[in-house]
Every structure is written in structure tokens, then in C-alpha cells.
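Student:
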Amino acid sequence: MHIVVPIKQVPETSNVKMDPVTGTMIRAGVGTVVNPLDLFAIETAVRLKEAHGGRITTLTMGPRGADKALREAMAMGCDDGVLVSDRAFAGSDSWATSYTLSQAIRKLGEFDLIVAGERATDGDTGQVGPGIAAWLDLPLATYVAAIPRVEPARGLTVERLVEEGYQVLDLPLPALITVVKEVAAPRLPTLRGKKRAKAAEITLFTAADLDLEPSYLGLKGSPTKVVKVATPRVTRGGTLVRAPDEDAVADAVEALLAFLDARDLLPTGGRA
Amino acid sequence: MSFVWTLAEQHEGRLKAVSYELLGRGRALADKLDTKLASLLIGDGVSEEQLQTLVHHGADEVYAIQDPRLAQFTCETYSNVLVHLIKTYRPSVILAAATSTGRTLMPHVAVRSHAGLTADCTELDIEPGTGHLLQTRPAIGGNIMATIKTPDHRPQMATVRPKSSRPLPADATRAGRVIAVPLDDVLVDERVKARGYRGDAVDFVNLEEADVVVAGGRGMKKAEHFALLQALADALGGAVGATRDAVDRGWVGYPHQVGLSGKTISPRLYIGAGISGAIQHLAGIKTSETIVSINSDPDASLHQVADFGIVGDLFQVLEELQRRLDERRGASGSDAGPPAGTRTPEARA
Ligand SMILES: Cc1cc2nc3c(=O)[nH]c(=O)nc-3n(C[C@H](O)[C@H](O)[C@H](O)COP(=O)(O)OP(=O)(O)OC[C@H]3O[C@@H](n4cnc5c(N)ncnc54)[C@H](O)[C@@H]3O)c2cc1C
Ligand SMILES: Nc1ncnc2c1ncn2[C@@H]1O[C@H](COP(=O)(O)O)[C@@H](O)[C@H]1O
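Line by line, the protein sequences are chains A and B.
With the working numbering applied, the first sequence corresponds to residues 153 to 424, in that order.
With the working numbering applied, the second sequence corresponds to residues 4 to 352, in that order.
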């Protein structure tokens, strides 16, 4: 199987700064990691490769330094890394990102499966996976928690973790899935993997290398525009009651019940 | 047809509560734009009577596209239906729920309709003068609120967090039309086959739709103690959530996990016991209406974001709380009335 894993490089800390003018993230001076939720996608692909053979291409759209993320994925077992990078792509929203990535994936040639993360921890939209599926007209399953059946070149059975339970879907291949944590616990990179990844050749796709509609790219090609960014209040100015002993616990619980009652948060029967 | 649409959701022929919440949002926007509001239902088996309740909750028109082939959500066919309707009727605004369905369908449709889409909005408004939809959403784990608009593309699409607003009171005298729209065969994409739900799933929980979530962390100390949380959740008409630590220790299953790598929830009441309130956990609960924290450490981060915090031993607090709730239930003579988690929109209004 040829499996494609799109991953995103995201700021390491949760302490991200925003540019008040453009409303985009200031990336300078912040460490980066592979989007933690993409590790489940990488692990899924590596396990499928181990069970059924084939190769894995991981790709990311980002600044030139994003090859670091690709190398991390390669240290976990991905074979090839593709960096999609060009100034023209800067400021892309999920519409433009999924367009650019889908054109890059077309250029990779034949593939059987795309495994994406559920969402990226910075943009936090979860829209790029379904977006790529739409551009490439691929059968789609999101929130995949298990893959009980794999028939290479033919199809998959997946279980999606949704509100009501695990929805079971049969998909023909090629297809696109997005995965959640339950699908597989990510492995740590091996020393050998790290060495190989460090020395690996990364393929670079710039705008000129891809067949792209210029008006679909970057900030200009993005239908959504960020108009304002605000920092929400973190504390709610709530009540904090200390309950060091049993009497204090009884008082604290009494106060809590009164508080919940006032907000109409207790079952109604009790008030009769 | 109306210019503001909301997507109703159903499961096994029953409308989901979020359908009514979206109508409350949509009504406010439609009124500001001085246009009509439509609710679209793609699904199967929803009765005429239920569809009428969408009118009672704010819709001027209800378009029901019902067919056995739409009973379960599969993205391709639902997307074909919605894209087709958008092309035909050109709405200005479409709101869907930020559920597993909405968050899958909407990006797919947005790409195909060349529309802008904002995920997980908590506030929606109309920009005075231009009439553009202003969409505000938490981003970067809730650390910032970004306001987004789509000036040059239509429809303007947004998903809205379930439970982030209340439905309007039902008004049975409201007038509105329910229109059945047949499913055109050419829109059916049979590549993906929905096989129903796994029957043998153990330890599954529907946290997203619970009005009350009682969550536990590492402070619960062991798996057996989660029974305390379940008992409290039962008394409050809620469900049990957990931190990643508790899940990774095998105390409860992954469907219970709340946070960055778990579920995002906005219950009316969230109670966290023995939870420090790490940023990754808070990312999943920040939009809860009321947050209660029980933790022996006065400096725990969860206390900082709580509306009510008890600094104390969680086992003592849970025991006392349970005792008092049982007492209240006993005092009322019979079983508790409808627990907060199961009240219908009508009952709540
Ligand atoms: C990429 C990534 C993704 C993550 N995703 C998630 C996620 O989705 N969800 C999530 O929850 N976490 C997530 N985490 C983990 C997160 O950072 C924290 O490690 C985790 O939330 C801590 O869980 P906890 O609060 O149960 O444990 P702890 O932080 O150990 O807190 C336990 C608390 O219990 C209190 N306590 C102990 N005993 C008692 C007692 N007897 N009475 C009262 N209080 C007591 C302690 O004071 C302490 O505050 C993620 C981390 C990363 C890096
Ligand atoms: N710039 C990018 N390059 C490669 N893959 C991406 C990029 N952005 C998002 N993705 C993929 O799409 C998923 C969802 O991201 P998002 O829609 O941004 O939340 C991620 O988990 C990745 O698998």
C-alpha cells in the first residue's frame, strides 16, 4: 500500500502569540513539534505498512524549517518526506490549505490511503482532512477509532467514534480517514530511525512545481478573514471554599448545593 | 427560499436537541438580516409532528430530505444533497452543529461550494452596514477568541458548539411550512456503506450531549473509585468524563476523555474531581456554562477557572455531596423529576 500522511508543524507551547494586525500567529521564537494528534495518524500508517507492506509518504505544508516535522515522522517509520513550501501559501485558511495539499498529493501519483489527524492543535479546525477528501473526491471517514478490516487495494472497515457510539463504515480504496487517539498509541522513534531521518532527502514542492490556480492560494485565496483577535478572561471570578475537616466539608457542600440550585442545575424532583 | 439555514440533526428518526439550539442562533441572525430562516433536515424517519417542532422553535420553513439511504450519515451523499440545495437556492448563511456529523460535512461542502467555513463558533453576529456574518470562535486551546468573516464568498458557513446556547421557547402558534423534498437518485453516492453501530462496545459514553458531566482525574486514585463519579452523575442526570491521565491508566475508556486529544464539551454543569486543570484538559471544557472544581490543592489550575471550587479531600466531598443529593431525592418521595440531562427543549424553555 502507498499511504500518505499529511502532518502539520505546530507551536510547541500552548502559549502562542498572535499578530494583532493580521490576526495570524507569530511563530518566531516558539519551538515547534509535530501536531500531537498527527502522531496517531503516523502510527496508524506505520502499523498498516508493517501488516500489509508498502510505503508511507508524509507531507507538510509550511515554512522551510518544517522539514523538522517530516524528519520526526520519518524517524517513526515514514519512508518519504515532502515539504510543500512557498511564500504564496502563507496565510492559507483550511480551504486554501486543503486545496494546496490536494494538488501536492496529486503530484505524488498513485496512493491507496490518506491518513490525517483529527485536527491541528493550533488552527484547531479539523477541516483540512475532509477538505482534501472533497478536492480529491475520495471516500471519507472521520474520527476513526479502529480499523478492524484491511484489504489492500480494495477496502477498509472502520469504526468512527461519534456521539452515539462506534459507527461502522465500509470504504473502498483509495480513501481518506482521520483518526483519534484510540486508534493506536504512537511509538517513540528509534535511534536507527532518527539517523535515517536526519540523513534523508526531503522533496520540496514550491508553487512552481505544482499545478495551481493562483487565486486559490494563501491569504488572498482564503475565503475566511480573521478580523479580530481577543484574549478571553481566564478566571471566572468564582467562589473558592476551603474544607479542611468534616464540618467544613458539610458547609462547603451545603454552599455548593445552594449555588447549583440558584443556577437551576439540580434535578427538579429534589425541590418538591 | 430563506437566506439563513440551519441544519437539523437526527439519530434513528429522532431530532437532536442541537437542532433547536441552532434555530435560536439562526433566528437572531435572520431577524437582523430581515430574512427568513429555514431548517434543513437530511435523514430518515423523522415524523411530520417532530418537524413541526422546528417551526415552533423559530424556523419559517423546514425542508426535509428524507430517504432510507440517508438514515445514517455518510459524508458523500449528504454533501451531494447539501451542495445541490446550495446551488439551487443560494443561501447567505448556513449553520451546522460542531458535532461529528457537522464537522465532517461542512468542510466537505465548503470546499465544493467555494465557501468560507468557521469551526466551532461560540458567538455569531451580523456586521452592521455590510450584513456580513461575524463568527467568533475559541482557537489555540481556548487561549484566544478569533472573530472571522467571509466577505466575498457565499454561503457563509459556520459550525456551532452544541450546548453553547439555549433554544428559544417553543411557540406552538408560530406559523411555518414543512416541505418534503425527495432525494434525487443522482445524488446518492454508494461508495461508502454504513453498517450501523458496533453492538458490543463497552464503556461507551455520549459526553457531547450530556447536560451534566462529572469528571475525574488522577486524584481519583483507582478505577473502582470512578463508581463514585458514576453515582453522582446518575443523581445529577449526567455522564462521567475523565482526564487523559485517568484514561491512560485504564480507569475508564477513551470515550470518556475530555480535552485536546479527547472530546470537547460544553455542558451546563461540569464537575471536576481530582483534576489539576492542565491546559490540554481545559481546552475541552472552557465553554462549559458552570464549572465546579474539587481539589485539595488550592493552587490547582482548575480552581482558577471554576465558578465554584472546594479545596478539600475529594472523597469526603463526594461522599457528602452524594448523601445530600440522595436525601433530597428521598425527601421528594419518588424518583427525581427529569434530570437536567434529559429535559427536552420544551421542558427547559
Ligand atoms: C499533546 C497532549 C494532549 C493531551 N490531551 C489531554 C486531554 O485530552 N485530556 C486531558 O485531560 N489531558 C490531556 N493531556 C494531559 C495533560 O497535560 C495533563 O497531564 C492531565 O490532564 C492531568 O490529568 P489529571 O488532572 O488527572 O492529573 P494531575 O495533573 O496529576 O492532577 C491530579 C490532581 O488531583 C488532586 N488530588 C489528588 N488527590 C486528591 C484528593 N484526595 N482530593 C482532592 N484532590 C486530589 C491533586 O491536587 C492534583 O491537582 C494532554 C497532554 C499533551 C501533551
Ligand atoms: N499545513 C498542513 N500540512 C499538512 N497537513 C496538514 C496541514 N494542516 C492540516 N493538516 C492535516 O489536517 C489535519 C487537520 O488539521 P486542521 O484542519 O488544521 O485542524 C491535521 O491533523 C493534518 O493531518
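No residue lacks a Cβ here, since even glycine has one placed at the ideal position from N, Cα and C.
Note that this is a predicted model, so its numbers are computed, not measured.
1) For the region 306-322 of chain B, enumerate the residues whose C-beta is nearer than 9 Å to any C-beta of chain A, in chain order.
2) Determine the contact status of arginine 169/B and glycine 27/B, defining contact as a CB-CB distance below 8 Å.
3) Using three-state DSSP, classify methionine 153/A as helix, strand or coil.
4) Using the rule of at least 16 other Cβ atoms within 10 Å of the residue's Cβ for burial, across every protein chain shown, is threonine 252/A buried or exposed?
5) Nearest chain A C-beta to cysteine 124/B closer than 8 Å, yes or no?
6) Kindly indicate which three-state DSSP category cysteine 230/A falls into: helix, strand or coil?
7) Using a beta-carbon distance below 8 Å, is proline 158/A in contact with chain B?
8) Would you say asparagine 187/A touches ligand 2, meaning its beta carbon is less than 7 Å from a heavy atom?
9) Is the distance from the Cβ of glutamine 430/A to the Cβ of leucine 120/B below 8 Å?
10) What number of angstroms, rounded off, separates the C-alpha of proline 270/B from the C-alpha of glutamate 211/B?
11) Let me know the secondary structure DSSP gives histidine 135/B once reduced to three states.
12) Exposed or buried, what is threonine 91/B when buried is set at 16 or more other beta-carbons lying within 10 Å of its beta-carbon?
13) Hey, alanine 249/B and alanine 242/B: beta-carbon distance below 8 Å or not?
14) Counting pairs of Cβ atoms below 8 Å between the region 63-80 of chain B and the region 33-50 of chain B, do you hit three or more?
15) Is it the case that the CB of proline 158/A approaches a heavy atom of ligand 2 more closely than 7 Å?
16) Could you list which residues in chain B have their beta carbon closer than 9 Å to that of leucine 323/A, in chain order?
17) So does the region 64-83 of chain B actually touch the region 194-202 of chain B, counting three or more Cβ pairs closer than 8 Å?
18) From tryptophan 287/A to serine 250/A, what distance separates their C-alpha atoms?
19) Name the two residues that bound the continuous alpha helix (DSSP H) containing glutamate 195/A.
20) If we ignore side chains and look at the alpha-carbon of each, how far apart do aspartate 190/A and methionine 223/B end up?
21) Skipping 5 residues on each side, what residues in its chain have a beta carbon closer than 6 Å to that of lysine 289/B?
22) Consider the C-beta atom of valine 184/B and the heavy atoms of ligand 1; say whether any pair is separated by less than 7 Å.
23) Which parts of the region 191-228 of chain B are runs of the beta strand (DSSP E), unbroken and 3 residues or longer, counting only runs that do not cross its ends?
24) Closer than 8 Å between beta carbons: that is the criterion. Which residues of the region 362-381 of chain A meet it against chain B?
25) Please state the DSSP three-state secondary structure of leucine 340/A.
26) Short check: CB of aspartate 219/A to CB of alanine 359/A, under 8 Å?
27) What does the alpha-carbon distance come out to for the pair phenylalanine 207/B and tyrosine 318/A?
28) Using DSSP's beta-bridge definition, name the partner residues of leucine 408/A.
29) For lysine 39/B, name the three-state secondary structure that DSSP assigns.
30) Ligand 2 heavy atoms versus the CB of leucine 253/A: any closer than 7 Å?
31) Answer with buried or exposed for lysine 347/A, where buried requires no fewer than 16 other C-beta atoms within 10 angstroms of its C-beta.
32) Here's a check: name, in chain order, each residue in its chain whose Cβ is nearer than 6 Å to the Cβ of glutamate 24/B, leaving out the five neighbours to either side.
33) Taking DSSP as the reference, what is the three-state secondary structure of threonine 184/A?
34) Closest by CA to proline 131/B, which one among Asp34/B, Arg247/B, Ile274/B, Glu12/B?
35) Taking the alpha helix (DSSP H) that glycine 16/B belongs to, which residues open and close that run?
36) Could you please give the first and the last residue of the uninterrupted beta strand (DSSP E) stretch that includes tyrosine 147/A?
Tutor: Straight from the coordinates:
1) His306, Gln307, Val308, Ala309, Asp310, Phe311, Gly312, Ile313, Val314, Gly315, Asp316, Gln319, Val320, Glu322
2) Judged by their CB atoms, arginine 169/B and glycine 27/B are nearer to each other than the 8 Å cut-off.
3) coil
4) buried
5) So no, cysteine 124/B is outside the interface.
6) coil
7) no
8) yes
9) The requested residue 430/A is not part of the displayed model; chain A covers only 153 to 424.
10) 8 Å
11) coil
12) exposed
13) no
14) yes
15) yes
16) Arg194, Val195, Lys196
17) yes
18) Each residue's alpha carbon lies about 8 Å from the other.
19) Residue range 190-204 is occupied by the alpha helix (DSSP H) that includes glutamate 195/A.
20) Whole-angstrom Cα-Cα distance: 30 Å.
21) Gly145
22) no
23) 196-200, 215-219
24) Ser374, Pro375, Thr376, Lys377, Val378, Val379, Lys380, Val381
25) Note: leucine 340/A maps to coil in three-state DSSP.
26) Result no, Cβ atoms of aspartate 219/A and alanine 359/A do not sit closer than 8 Å.
27) 9 Å
28) Leucine 408/A is not bridged to any residue.
29) coil
30) yes
31) exposed
32) Ser168, Pro170
33) The answer is strand: DSSP assigns threonine 184/A an E or B state.
34) Asp34/B
35) For glycine 16/B, there is no enclosing alpha helix (DSSP H), as DSSP gives it neither H nor E.
36) Within the shown structure, residues of chain A are numbered from 153 to 424, placing residue 147/A beyond reach of any answer.
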